[in-house]
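Some notes on the structure that comes next.
Number of protein chains: 2
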Amino acid sequence: MAKAYERIADDLRGQIRTGQLQPGARLPAETKLVEQYKKSLPTIRQALSTLQAEGLIEKQHGRGNIVRKPRRLVERRNDRHQWEKDRAREPEPKRRETGATEHDTGLSVSDLVFNAEYRTTEAGPDLAQVFGVPEGTQLLERIFRTRYREEDAPFNVSHSYLLYDLAAKNPDLLDESYEPWPGGTQNQLHTVGVELDRVEERVTARPPTVEEIEDLGLTSGTAILVLRKVCIDINDRVVEVCDVTLPGDRTEMVFTTPLARW
Amino acid sequence: MAKAYERIADDLRGQIRTGQLQPGARLPAETKLVEQYKKSLPTIRQALSTLQAEGLIEKQHGRGNIVRKPRRLVERRNDRHQWEKDRAREPEPKRRETGATEHDTGLSVSDLVFNAEYRTTEAGPDLAQVFGVPEGTQLLERIFRTRYREEDAPFNVSHSYLLYDLAAKNPDLLDESYEPWPGGTQNQLHTVGVELDRVEERVTARPPTVEEIEDLGLTSGTAILVLRKVCIDINDRVVEVCDVTLPGDRTEMVFTTPLARW
DNA sequence: GAGTGGTCTAGACCACTGT
DNA sequence: CAGTGGTCTAGACCACTCC
């Protein structure tokens with residue numbers, strides 16, 4: 072004998088998958104479902120909350136339970152790194168034209184709103200290990216948020232870390248008011264004599280924390296992609312570590328791996 | 072005035088984050104929490120279920136609510152593709168030694184259990200578009216599952232698609248009893264005259280469906296990584312499409328992007 | 001103001017895990 | 001068998017959305 076809330080969830084899930092309930096459509100009111108399935112309200116609500124956790128519906132207080140629409144995906148390609156490296160030594164007017172995110176998304180600079188915040192921190196055990204420096208080493212931490220001009224929530228929050236002593240060679244790099252910096256971090260590193268050899272990106276996924284739900288404007292029933300980007304220069308030194316949080320339901324990361332010919 | 076279940080969740084979350092409640096520890100019984108917070112059982116349970124959704128605790132019927140332990144990560148590196156290409160033309164004994172997953176994880180063949188299932192399907196709109204063939208074109212679908220010998224659930228389920236006509240050039244490729252095929256798919260493609268030029272991987276994240284919770288042995292409160300790998304040969308033809316489902320709490324994907332020198 | 005979901009209570013009974 | 005979480009009910013009142 073199947074559990075009541077599971078049967079109800081299965082039934083509604085089926086209606087959504089087969090398209091009987093279209094994306095954007097409102098489900099019957101919870102009180103209607105009570106009559107329909109002859110079960111109590113809390114049972115109905117439990118069924119609905121499992122559908123919410125699966126990302127199939129969205130609960131809107133005062134409006135109803137809505138079938139989720141697939142969201143438009145933002146691509147994030149790994150060829151952005153080479154593209155950014157090529158740009159890093161261009162003259163400023165050219166660098167100013169567009170940034171890496173615009174390169175990925177095909178949007179223009181004016182479609183996106185960019186926000187930066189700088190501060191200094193000390194390396195904890197985790198970052199100290201990645202940089203290969205002692206714990207407590209001073210770091211420049213930079214927090215970036217990118218969002219569409221017409222939307223409230225950013226689709227990208229990243230925390231970038233640079234060795235403070237390295238960044239301080241060019242005092243302009245310590246000043247957040249220069250952001251958005253034309254040419255991005257690779258240009259900034261170029262001004263202190265750094266050339267990148269490779270970028271290593273590590274990706275995992277997990278459910279969002281409450282803070283991330285706030286920050287990224289998620290509804291519950293989504294996952295987040297956690298990306299750690301490590302930039303390594305031609306002397307095999309780690310010169311930047313960047314932790315990026317991306318909403319899983321609107322981000323598609325594209326990694327192209329070229330292979331040597333036989 | 073904060074909601075009661077939120078205050079309780081915040082309080083418990085704090086205890087977990089600060090380490091007052093260690094991973095693996097049991098929370099007080101729900102009835103104890105009722106006394107402690109002077110709230111009704113359903114309210115307590117609502118607080119606990121938000122913690123479960125965040126992946127912080129795991130509910131074990133009859134035992135208690137347990138603080139989740141971080142899981143051991145399995146790495147999946149993109150240099151596996153070049154590694155596999157290099158192997159593809161080696162003699163069979165060498166190919167038989169280890170596979171790409173063992174290369175990633177540093178485990179030996181005997182630590183892993185591999186399972187394959189072949190069948191034929193027709194290309195739906197999605198796959199037809201990626202392959203650049205008409206809908207209904209016959210495909211060979213191969214379902215692979217990989218798991219640790221000591222564990223029940225696989226950490227990797229993938230659906231690989233090949234053009235049937237291409238695979239049929241070597242009848243051995245149609246027979247699942249040859250799996251695990253030494254040298255992997257790139258060697259198989261080699262036997263029908265295909266050389267890969269590049270691999271394109273697209274990654275998103277989302278909450279698991281009920282089926283995936285079953286298949287991958289997940290507890291609720293985890294996310295899955297969805298990866299689509301597209302293999303493109305030196306004539307710019309799509310020769311394999313592979314959809315991979317990975318549990319987000321035990322997988323770390325590593326992508327290294329080498330950059331050209333200035 | 002009508003309709004809808006959100007929060008919370010009090011309590012009954014079932015099912016699983018351990019000893 | 002004791003202890004624990006899982007399922008379900010019936011009903012009160014609050015908060016948001018939209019007309």
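The listed protein sequences derive, respectively, from chains A and B. The first sequence begins at 72 in the working numbering and counts up by one. The second sequence begins at 72 in the working numbering and counts up by one. Just so you know, even glycine gets a beta-carbon here, dropped at the ideal spot from N, CA and C.
- Query: Does the distance from the C-beta atom of B/A118 to that of B/E77 stay below 9 Å?
  - Reply: Mapped onto the second sequence, residue 118 of chain B falls at position 47. Mapped onto the second sequence, residue 77 of chain B falls at position 6. At the C-beta level, B/A118 and B/E77 come within 9 Å of one another.
- Item | CA nearest to the CA of B/D197, picked from B/L183, B/E283, B/C313, B/A75 | Taking the first residue of the second sequence as position 1, residue 197 of chain B is located at position 126. Among B/L183, B/E283, B/C313, B/A75, the Cα nearest to that of B/D197 belongs to B/C313.
- Query: When the cut-off is 9 Å and only beta carbons count, does A/D268 lie next to chain B?
  - Reply: Reading the first sequence from its first residue, position 197 is the one you call residue 268 of chain A. A/D268 counts as touching chain B.
- Since I believe B/V274 is in contact with A/E271 (beta carbons under 8 Å), could you give me their beta-carbon distance rounded to a whole number of angstroms? Along the first sequence, read from residue 1 onward, the residue named residue 271 of chain A stands at position 200. Along the second sequence, read from residue 1 onward, the residue named residue 274 of chain B stands at position 203. Contact flag wrong, Cβ pair sits at about 15 Å.
- Anything in the segment 144-159 of chain B with a Cβ closer than 7 Å to a Cβ of chain A? List those residues in chain order, please. Cβ proximity to chain A below 7 Å picks out N149, H152, Q153, K156 from the segment 144-159 of chain B.
- CB contact flag (B/R158, B/N258, <9 Å): By one-based count along the second sequence, residue 158 of chain B stands at place 87. By one-based count along the second sequence, residue 258 of chain B stands at place 187. Yes, these two residues count as a Cβ contact at 9 Å.
- Query: Counting contacts by CB-CB distance shorter than 9 Å, is B/I305 in contact with chain A?
  - Reply: What you label residue 305 of chain B is simply residue 234 of the second sequence in a count that begins at 1. The Cβ of B/I305 sits closer than 9 Å to at least one Cβ of chain A.
- For the alpha helix (DSSP H) that A/N186 lies in, which residues bound it at each end? What you label residue 186 of chain A is simply residue 115 of the first sequence in a count that begins at 1. A/N186 -> not in any alpha helix (DSSP H); beta strand (DSSP E) instead, spanning 183-193.
- Message: Less than 9 Å between the beta carbons of B/V194 and B/E250, yes or no?
- Response: Numbered from 1 along the second sequence, position 123 holds the residue referred to as residue 194 of chain B. Numbered from 1 along the second sequence, position 179 holds the residue referred to as residue 250 of chain B. The displayed chain sequence assigns Ala, not Val, to residue 194 of chain B. No; because the gap between Cβ atoms is not below 9 Å, this pair is not in contact.
- Item | Between the CA atoms of A/T327 and B/E323 - distance to the nearest angstrom | Within the second sequence, the letter at position 252 stands for residue 323 of chain B. Within the first sequence, the letter at position 256 stands for residue 327 of chain A. Roughly 17 Å between the two C-alpha positions.
- Item | Nearest to B/E285 (by Cα), restricted to the options B/N227, B/R269, B/R139, B/R142 | As a position in the second sequence, residue 285 of chain B is number 214, starting the count at 1. Here the closest residue by C-alpha is B/N227.
- Any chain B beta carbon closer than 9 Å to A/V310: For this step, residue 310 of chain A is matched to residue 239 along the first sequence. It does not; no Cβ of chain B falls within 9 Å.
- Check whether the Cβ of B/A171 lies closer than 9 Å to any Cβ atom in chain A. As a first step, residue 171 of chain B must be located in the second sequence, where it is residue number 100. Taking Cβ atoms only, chain A never reaches closer than 9 Å to B/A171, which makes this a no.
- Message: For A/D304 and A/L267, which I take to be in contact (beta-carbon distance under 8 Å), what is that distance rounded to the nearest angstrom?
- Response: Here residue 304 of chain A refers to the residue found at position 233 of the first sequence. Here residue 267 of chain A refers to the residue found at position 196 of the first sequence. Between A/L267 and A/D304 the Cβ distance is about 6 Å, and since that is below 8 Å, they are a contact.
- Message: Can you check whether the C-beta of A/L234 is within less than 9 Å of a C-beta belonging to chain B?
- Response: If you number the first sequence from 1, residue 234 of chain A lands on position 163. No, A/L234 lies away from the interface with chain B (no Cβ there is under 9 Å from its Cβ).
- Within chain A, partners of B/E125 - CB distance below 7 Å: Reading the second sequence from its first residue, position 54 is the one you call residue 125 of chain B. Chain A residues near B/E125: P278, T280.
- Query: Applying a beta-carbon distance threshold of less than 8 Å, which residues of chain B neighbour A/L330?
  - Reply: The residue labelled residue 330 of chain A in the question sits at position 259 within the first sequence. Chain B residues near A/L330: H152, Q153, K156, L267, D268, R269, V270.
- Item | Per-residue contacts from B/E323 into chain A (C-beta, under 8 Å) | Residue numbering aside, residue 323 of chain B sits at position 252 when the second sequence is read from its first letter. Residues of chain A with a Cβ closer than 8 Å to the Cβ of B/E323 are, in chain order, R273, V274, T275.
- Message: Classify A/T316: buried if its beta carbon has 16 or more other beta carbons within 10 angstroms, exposed otherwise.
- Response: Here residue 316 of chain A corresponds to residue number 245 of the first sequence, with the count starting at 1. By the 10 Å Cβ count, A/T316 comes out buried.
- Starting from B/I303, follow the alpha helix (DSSP H) in both directions and report where the run begins and ends. Taking the second sequence and counting its residues from 1, one reaches residue 303 of chain B at position 232. Per DSSP, B/I303 belongs to no alpha helix (DSSP H); it is in the beta strand (DSSP E), 295-304.
- Cutoff 9 Å: B/L211 Cβ touching any chain A Cβ: The residue labelled residue 211 of chain B in the question sits at position 140 within the second sequence. So no, B/L211 is outside the interface.
- Nearest residue (CA-CA) to A/Q131, options A/E101, A/K156, A/L112, A/E155: Sequence index remark: in the first sequence, residue 131 of chain A carries index 60 (1-based). Among A/E101, A/K156, A/L112, A/E155, the Cα nearest to that of A/Q131 is on A/E101.
- Message: Under 8 Å: do the segment 132-152 of chain B and the segment 91-101 of chain B share three or more Cβ pairs, one atom per stretch?
- Response: In this structure the segment 132-152 of chain B touches the segment 91-101 of chain B; the number of beta carbon pairs closer than 8 Å is three or more.
- Message: Does any residue of chain B have a CB that is nearer than 9 Å to the CB of A/G85?
- Response: Position 14 of the first sequence holds residue 85 of chain A. Answer no: the Cβ-Cβ gap between A/G85 and chain B never drops below 9 Å.
- Message: In whole angstroms, give me the CA-to-CA distance for B/K156 and A/L330.
- Response: As a first step, residue 156 of chain B must be located in the second sequence, where it is residue number 85. As a first step, residue 330 of chain A must be located in the first sequence, where it is residue number 259. In a straight line, the C-alpha of B/K156 is about 8 Å away from that of A/L330.
- Spatial distance of B/W154 from A/K109 (CA atoms): On the second sequence, position 83 is the one that residue 154 of chain B refers to. On the first sequence, position 38 is the one that residue 109 of chain A refers to. Rounded to whole angstroms, B/W154 to A/K109 spans 59 Å at the Cα level.
- Query: Opposite A/Y76 in the DSSP bridges: which residues?
  - Reply: By one-based count along the first sequence, residue 76 of chain A stands at place 5. None, per the DSSP bridge assignment.
- Message: By the three-class DSSP mapping on this structure, what secondary structure does B/A276 have?
- Response: In the second sequence, residue 276 of chain B corresponds to position 205, counting from 1. Three-state DSSP puts B/A276 in a strand.
- Message: Looking at chain B, is there any beta carbon in it that lies within less than 9 Å of the beta carbon of A/S231?
- Response: On the first sequence, residue 231 of chain A is found 160 positions in, with the first residue counted as 1. Chain B, which has no Cβ nearer than 9 Å to the Cβ of A/S231, makes this no.
- A/G135 by DSSP, collapsed to three states: which one? Position 64 of the first sequence, counted from the start, is the residue given in the question as residue 135 of chain A. Three-state DSSP puts A/G135 in a strand.
- Message: Could you check whether the Cβ of A/A75 sits closer than 9 Å to any Cβ belonging to chain B?
- Response: If you number the first sequence from 1, residue 75 of chain A lands on position 4. Output row for A/A75: interface = no.
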